[in-house]
Amino acid sequence: MRHAIITAGTKGLGKKVTENFLKNGRSVTVTYRSDKDKAMELLEEYPQFASVIHIVKVDVTVRQDIEKLINETIEKFGRVDYLINNAGPYIFERKKLMDYSQEEWDAMIRGNLDSVFFLLKGIVPHMRKQKFGRIINYGFQGAGSASGWIYRSAFAAAKVGLVSLTKSIAFEEAEFGITSNMICPGNITGEMKEATIEQGKMVHDPDTPIGRPGTGGDIARTIEFLCDENADMSTGAIYEITGGLDVIHKHR
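According to my numbering, the sequence shown is numbered sequentially starting from 2.
What follows is the structure, given as structure tokens:
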């Protein structure tokens, strides 16, 4: 049975990815940072998958937590086939770079860029041995062209760095059957994060060109495609799932 690590996979966008992997016959290790009650709900909702769900408390800004995550996963399942880097801190307050504290800057870089480095260092060697691996990182619309994002400078800087890392790993690890891609969700908010595509189609969104909001289901569907056994030609790419919405320039 192939195994996935999905950071922040117990709620929000990550939960739909987790559900999709389980329903398609994979075992999963999922992390949460502080909301243990929400994490445990996953076991209550899917008792039939209890034996293949591994839940670990992890703060991705802490290297020791990442090492613990990898060690526990390998000890329990013996492999990692999919690394879904869904977790990543974000500062909701809108402010310019000059108003960021060093602590806020460090949290954005550590949580959105450094964490991926440490996860790759620990997991890619196992993927090499397997001659198979799928790495999925998360970005933002425009990250692939290094777009500036007003009031989100620290987060954007980390994610644009992650674009280059995503592509570099794709080149370096291709010979081992490992692919590396980035997905960039659009404006998916509130209950839509854990909604299916069908539920999203029942809601009208006049701001999004396709006429409906994006959902966690849309993200999970794209990740499923990129993780397919025969998706080895899809690597080093940045996929925007926005429904045509210009997220960066929607609000200034």
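Glycine residues also receive a C-beta, built at the ideal position from the N, C-alpha and C atoms.
_Let me confirm a value: T190 is counted as buried when at least 16 other C-beta atoms fall within 10 Å, else exposed. Which label applies?_
Burial check for T190: the Cβ neighbour count within 10 Å stays below 16, so the residue is exposed.
*Would you call F226 buried or exposed, if buried means 16 or more other Cβ atoms sit within 10 Å of its Cβ?*
Exposed is the call here.
*State the DSSP-derived secondary structure class of H127, mapped to helix, strand or coil.*
Note: H127 maps to helix in three-state DSSP.
*asked:* So the candidates are I198, Y152 and Y33; which of them puts its Cα closest to the Cα of G218?
replied: Comparing C-alpha distances from G218 to each of I198, Y152 and Y33 shows the shortest one belongs to I198.
*Assigned secondary structure, R253 (DSSP; H/G/I helix, E/B strand, else coil)*: Because R253 sits at a pLDDT of 48, beneath the cut-off of 50, its placement in the model cannot be relied upon, and the following sentence gives the value as read from the coordinates. Assignment of R253 by DSSP, reduced to helix, strand and coil, places it in the coil class.
*Give me the Cβ distance between F119 and I67, rounded to the nearest whole Å; I'm assuming they're in contact under 8 Å.*
By a beta-carbon distance limit of 8 Å, F119 contacts I67. Their separation comes to about 5 Å.
*Quick one: using the 10 Å Cβ neighbour count with 16 as the cut-off for buried, is M128 buried or exposed?*
So M128 counts as buried.
*Since T11 contacts A51 with CB under 8 Å, what's their CB separation in whole angstroms?*
About 14 Å; that fails the 8 Å criterion.
_M99 versus E45 - alpha carbon distance_ = So the two alpha carbons sit approximately 45 Å from each other.
_Given a cut-off of 8 Å on the beta-carbon distance, is the pair V29 and I54 in contact?_
Going by C-beta atoms, V29 is nearer than 8 Å to I54.
*Neighbourhood of G212 by C-beta distance below 7 Å, restricted to the same chain and skipping five residues each side*: Within the same chain, G212 has close Cβ partners H205 and D206.
_Residue closest to E230, alpha-carbon to alpha-carbon, out of G178, G145, Y33 and G89_ = Across the set G178, G145, Y33 and G89, the C-alpha of G178 shows the shortest separation from the C-alpha of E230.
*For the candidate residues Y83, E173 and S181, whose alpha-carbon lies nearest to that of F22?*
That would be Y83, whose Cα lies nearest to the Cα of F22.
_Just verifying my parser: in three-state terms, what is the DSSP assignment at A196?_
Collapsing the DSSP output to three states places A196 in coil.
_One question on the structure: do L114 and G149 come within less than 8 Å of each other, judged by their Cβ atoms?_
No; because the gap between Cβ atoms is not below 8 Å, this pair is not in contact.
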